[in-house]
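See structure below.
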Amino acid sequence: MAGSIYTVQELMYALVTELEYPTWEELHCLDDLRADEQAEVSEFWSLVPQARRLRVAVACQELAQDHSAFRGGALFRFLADDADPQVRTAAMVGLGLDPDLASLEVLLARAEVETDDWVCLAAAETLGRFLLAGELKSWPEGMQTAAATRLIDWSAEDAPDLIAVTLANLGYCGLEEVRETLAANLLSEWEVRREAALAGIANSTNRSWESVVLGIWREDPDLDVRAAALRAAGRLGLQGFLDICLNVVEFEEESKLRLGAIAALGDLGGAVAWRALAYAGETTDEEQRLAVEIALERLETDTDPSGSTFS
Numbered sequence: 001m002a003g004s005i006y007t008v009q010e011l012m013y014a015l016v017t018e019l020e021y022p023t024w025e026e027l028h029c030l031d032d033l034r035a036d037e038q039a040e041v042s043e044f045w046s047l048v049p050q051a052r053r054l055r056v057a058v059a060c061q062e063l064a065q066d067h068s069a070f071r072g073g074a075l076f077r078f079l080a081d082d083a084d085p086q087v088r089t090a091a092m093v094g095l096g097l098d099p100d101l102a103s104l105e106v107l108l109a110r111a112e113v114e115t116d117d118w119v120c121l122a123a124a125e126t127l128g129r130f131l132l133a134g135e136l137k138s139w140p141e142g143m144q145t146a147a148a149t150r151l152i153d154w155s156a157e158d159a160p161d162l163i164a165v166t167l168a169n170l171g172y173c174g175l176e177e178v179r180e181t182l183a184a185n186l187l188s189e190w191e192v193r194r195e196a197a198l199a200g201i202a203n204s205t206n207r208s209w210e211s212v213v214l215g216i217w218r219e220d221p222d223l224d225v226r227a228a229a230l231r232a233a234g235r236l237g238l239q240g241f242l243d244i245c246l247n248v249v250e251f252e253e254e255s256k257l258r259l260g261a262i263a264a265l266g267d268l269g270g271a272v273a274w275r276a277l278a279y280a281g282e283t284t285d286e287e288q289r290l291a292v293e294i295a296l297e298r299l300e301t302d303t304d305p306s307g308s309t310f311s
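1 is the number of the first residue of the sequence shown in this note's numbering; add one for each residue after it.
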């Protein structure tokens with residue numbers, strides 16, 4: 001990235017002495033840190049006041065999110081061990097914005113000892129980004145298992161947000177122990193676990209779950225879980241659910257189930273789904289109209305059955 005105002009050494013000195021609110025332009029020098037620059041950050045970092053350290057971490061996270069050319073991996077790997085959990089949270093997010101195996105190794109190592117719930121949640125979300133974007137077969141031996149084991153361990157916690165993220169991301173792993181974990185959570189008395197497990201099943205792309213998903217749709221007493229079953233069916237491309245979703249959209253009074261069916265139709269695709277979504281979009285319910293718009297964007301074709309392009 002061009003236009004660094006400071007060298008790394010100059011920036012660190014400014015942060016120690018007087019720079020309260022660093023701008024993106026002032027932080028550009030932290031892009032793609034060389035080994036000697038990493039040493040300079042390490043030497044001065046403990047002298048930077050805590051509030052400024054947090055501002056640097058958050059600003060660099062935002063910089064990496066908005067500018068793909070910013071290579072912050074080395075910086076975020078260093079920040080992953082900061083004493084401030086808010087800094088570590090920003091670092092966990094940042095590690096997924098410049099993903100490589102070195103960052104994955106740091107994330108997994110930090111996850112082994114991390115106790116802060118927010119840092120764990122950010123790490124779990126970032127681990128999902130690695131699993132989704134990475135070529136798992138190219139990972140070093142045992143790393144995929146280590147990632148799955150960490151997510152499984154986190155999924156045993158009681159925090160609903162962490163459960164939702166970890167079980168959903170487990171679906172990307174494709175290991176047998178992951179399937180066992182998802183199946184066990186489907187049997188939980190807590191609907192949060194059942195719904196999250198269905199999100200993981202949806203992410204697995206494994207159609208062998210069809211009979212399980214159908215059983216949950218028919219028998220689960222919770223509306224959110226049944227809606228999640230419809231969404232999972234759509235993501236898995238289970239065409240046997242097409243008629244179910246059509247009937248739900250046309251006749252079901254429960255909005256949660258209609259929204260689940262609408263999402264599924266967007267994934268199942270085809271002319272029949274297009275017509276059903278067009279029908280569902282003729283409503284004054286803003287939430288349903290938005291769901292229809294999103295589903296239409298996901299349809300396999302960008303034309304209606306007559307061949308006219310819709311907007």
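All C-beta atoms, glycine included, are put in the ideal place defined by N, C-alpha and C.
- Cβ neighbours of TRP154 within its own chain (closer than 7 Å, five residues either side excluded): CYS120, ALA124, LEU162 and THR166.
- The beta carbon of GLN38 is closer than 6 Å to those of ALA74 in its chain, skipping five residues each way along the sequence.
- Taking every protein chain shown into account, the CB of GLU297 has fewer than 16 other CB atoms within 10 angstroms, so this residue is exposed.
- Counting along the chain, GLN239 sits inside no alpha helix (DSSP H), nor does DSSP assign it H or E at all.
- Secondary structure note for LEU54: its alpha helix (DSSP H) is the uninterrupted segment 50-66.
- With a cutoff of 8 Å on beta-carbon distance, LEU127 and LEU107 are scored as near each other.
- Rounded to whole angstroms, the gap between the alpha carbons of PRO140 and LEU277 is 45 Å.
- Of ILE294, ARG193 and GLU287, the smallest CA-CA separation from SER255 is found for GLU287.
- The C-beta distance from ASN169 to LEU131 rounds to 6 Å, short enough to fall under 8 Å.
- Taking the Cβ atoms as the reference, ALA227 lies roughly 3 Å from GLY260, within the contact range of under 8 Å.
- Taken in chain order, the complete alpha helix (DSSP H) segments of 4 or more residues contained in the segment 207-247 are 210-219 and 223-235.
- Three or more Cβ pairs drawn from the segment 262-270 and the segment 225-241 lie within less than 8 Å of each other, which places the two stretches in contact.
- In this structure LEU223 is not in contact with CYS245, their Cβ atoms being roughly 15 Å apart against a cut-off of 8 Å.
- Leaving aside the five residues that flank ARG55 on each side, the residues in its chain whose CB is nearer than 7 Å to its CB run, in chain order, TYR21 and PRO22.
- Taking 8 Å as the cut-off, the beta carbon of GLY171 is found closer than this to the beta carbon of GLY200.
- Counting only residues of its own chain and dropping the five nearest sequence neighbours on each side, LEU242 has a CB closer than 6 Å to the CB of LEU268.
- One Cα belongs to HIS28, the other to ARG71, and the distance between them is close to 10 Å.
- Less than 8 Å separates the beta-carbon of ALA57 from that of LEU79.
- If you draw a straight line from the Cα of VAL41 to the Cα of GLN50, it is about 14 Å long.
- Each of THR205, ALA273 and GLU252 was checked against the Cα of LEU299, and the nearest Cα belongs to ALA273.
- In its chain, beyond the 5 residues on either side, ASP116, TRP118 and VAL119 have a beta carbon closer than 8 Å to the beta carbon of PRO85.
- Here VAL16 is actually not in contact with LEU30; their C-beta atoms are around 15 Å apart, not less than 8 Å.
- The alpha-carbon of ARG53 is positioned some 41 Å away from that of ARG179.
- THR145 is positioned such that its CB atom lies closer than 8 Å to that of LEU175.
- Excluding five sequence positions before and after ALA291, the CB atoms of its chain that fall closer than 6 Å to its own CB belong to LEU259 and ILE262, given in chain order.
- Between ARG194 and VAL225 a beta carbon distance of about 5 Å is seen, short of the 8 Å cut, so the two are scored as contacting.
- Counting the other CB atoms within 10 Å of its CB gives GLY94 a total of 16 or more, which places it among the buried residues.
- In this model, ALA159 and ILE5 are separated by some 43 Å (Cα to Cα).
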